[in-house]
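Q:
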Amino acid sequence: MNDYSSVSTAHRICIFFYGMASLGLLIDLFFSPIHRTAGQWVFLGMLLALLIGGHTALAIGASNARPWARAWSIVIAVLYVFAFPLGTFVAVYLFYKCKNPWQGPKHRPSLADAWPISPERP
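Read left to right, the sequence shown gives residues 230 to 351 (the numbering used here).
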């Protein structure tokens with residue numbers, strides 16, 4: 230497995246966990262006896278949406294071996310270092326996979342590759 234596809238998988242795992250946090254937030258909204266203000270719900274919802282959107286963009290960029298996705302993955306890893314213990318593990322993994330520049334695929338297959346090539350006329 231390439232480094233960039235491993236980083237893409239790591240971002241997808243983060244998306245899953247933030248999605249579970251969003252689900253927990255919705256359950257808390259409807260079934261919790263503690264009542265929060267509307268501003269708190271909006272802040273938490275926007276924060277989770279920002280995290281999910283950011284990791285989605287990074288997962289797509291990393292799966293295509295984009296250099297900006299590698300740079301932002303390093304930034305995310307720096308922030309995750311302080312989220313001990315799971316975030317530190319993810320940060321070390323991201324640092325390890327992002328230490329060298331990514332070499333993307335040399336050839337991207339397309340529909341045009343399947344068409345037969347007609348012989349040239351003399």
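For every residue, glycine included, the Cβ atom is placed at its ideal position computed from N, Cα and C.
Kindly indicate which residue of 241, 242, 245 and 270 has the alpha-carbon position closest to the one of residue 254.
A: Per the Cα distances, 270.
Q: Beta-carbon separation of residue 323 and residue 250 under 8 Å?
A: Their beta carbons are not under 8 Å apart, which means residue 323 does not touch residue 250 by this criterion.
Q: Are the CB atoms of residue 287 and residue 298 within a distance shorter than 8 Å?
A: In contact: residue 298 and residue 287 (Cβ atoms closer than 8 Å).
Q: Around the Cβ of residue 247, are there at least 16 other Cβ atoms within 10 angstroms (buried) or fewer (exposed)?
A: Buried.
Q: Using the beta-carbon count (16 or more within 10 Å), is residue 195 buried or exposed?
A: For residue 195 there is no data in the structure shown, the boundaries of the chain being 230 and 351.
Q: Which whole-angstrom value is the C-beta distance of residue 333 and residue 293, which I expect to be below 8 Å?
A: Indeed they touch by this definition, with Cβ atoms about 7 Å apart.
Q: Among residues of its own chain, excluding the 5 on either side of residue 281, which ones have a beta-carbon nearer than 8 Å to its beta-carbon?
A: Once the five neighbours on either side are set aside, the close Cβ partners of residue 281 are 244, 247, 248 and 251.
Q: Run through DSSP, which three-state label would residue 306 get?
A: Three-state result, residue 306: helix.
Q: Any heavy atom of the ligand PLP closer than 7 Å to the Cβ of residue 317?
A: As far as ligands go, the structure on display features none, and thus does not contain the ligand PLP.
Q: Just mark residue 320 as buried or exposed, buried being the case when its beta carbon has 16 or more other beta carbons within 10 Å.
A: Burial call: buried.
Q: For residue 243, name the three-state secondary structure that DSSP assigns.
A: In this structure, residue 243 counts as helix in the three-state DSSP scheme.
Q: Run the CB neighbour count on residue 305, radius 10 Å, all protein chains shown included, and call it buried at 16 or more, exposed below.
A: When all chains shown are included, residue 305 counts as buried.
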